[in-house]
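Colleague:
In full-length UniProt numbering, the protein residues as written are 1 to 213.
#1: If I follow the unbroken alpha helix (DSSP H) through residue 31, where does it start and stop?
#2: Compute the beta-carbon to beta-carbon distance between residue 59 and residue 25, rounded to the nearest angstrom, for a pair I have assumed lies under 8 Å.
#3: Label residue 106 either buried or exposed according to how many other C-beta atoms from any shown protein chain fall within 10 Å of its C-beta, with 16 as the threshold for buried.
#4: Can you give me the C-alpha to C-alpha distance between residue 116 and residue 101, rounded to a whole angstrom?
#5: When you measure from the CB of residue 196 to every non-hydrogen atom of the ligand GDP, does any distance come out below 7 Å?
#6: Where does residue 48 sit, in a helix, a strand or coil, going by DSSP?
#7: For residue 53 versus residue 67, is the C-beta distance shorter than 8 Å?
#8: Pull up the distance between the alpha-carbon of residue 183 and that of residue 202, whole angstroms please.
#9: Which word fits residue 137, buried or exposed, when buried means at least 16 other C-beta atoms lie within 10 angstroms of its C-beta?
Here is the structure:
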């Protein structure tokens, strides 16, 4: 509805032919179109009937299907009366707007409060993410250091002599290997003594044969 307050002369064509009823309608044309079923009956809220709305200075524009502020057909209102009516209309509109100011202010405060809460929550979320990232980086650094140390130890072990490698085993294993080495050395010593004794006996047997010859 065009509630700008501008005045529009009543237009349309007079007569009883509905097809000729165009533009801004008079009350008679409006009722004629409703009776013919060419327009829906009036169902406004500010006025009980279309006649009351026309009486208040409104008219229906069939071309735009909107109510517009218009001079009453054959009205005798003076410019001063129209100005006074317009003043009252604007005054009423201003009162409505003033009544909405506290509600709008409250809504604005609530919006600011919610925005502040949202920003605070975002800041906390960013701080939590930063803390998790810092912890992850610390754990990752520790893992890398451990892996590096293990690799270094493995490389060191791979280059140790056999005697030093034995020291890395537990006590039982170390003693077991010592026993094996000791037994092997004893066997080698016995073999060497046996071979030496055999050589000595062979030399003693060869001396008489050399003399006889």
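We put the CB at the ideal spot given by N, CA and C, even for glycine.
A quick note: this is a predicted structure, and the numbers were derived from the prediction, not measured.
Modeller: So, from the data block:
#1: Start at 1 with the first residue of the chain shown, and residue 31 comes out as number 31. From DSSP, the alpha helix (DSSP H) with residue 31 extends over 27-35.
#2: Here residue 59 refers to the residue found at position 59 when the chain shown is read from its first residue. Here residue 25 refers to the residue found at position 25 when the chain shown is read from its first residue. With a Cβ gap of about 6 Å, residue 59 and residue 25 count as contacting.
#3: Position 106 of the chain shown, counted from the first residue, corresponds to residue 106. Exposed, by the Cβ-count rule.
#4: For this step, residue 116 is matched to residue 116 along the chain shown. For this step, residue 101 is matched to residue 101 along the chain shown. Roughly 22 Å between the two C-alpha positions.
#5: This structure lacks the ligand GDP, and indeed carries no ligand of any kind.
#6: In the chain shown, residue 48 corresponds to position 48, counting from 1. Coil.
#7: The residue given as residue 53 occupies position 53 in the chain shown. The residue given as residue 67 occupies position 67 in the chain shown. For residue 53 and residue 67, yes; Cβs fall inside 8 Å.
#8: For this step, residue 183 is matched to residue 183 along the chain shown. For this step, residue 202 is matched to residue 202 along the chain shown. If you take the alpha carbons of residue 183 and residue 202, they lie about 29 Å apart.
#9: Reading the chain shown from its first residue, position 137 is the one you call residue 137. Under this definition residue 137 is an exposed residue.
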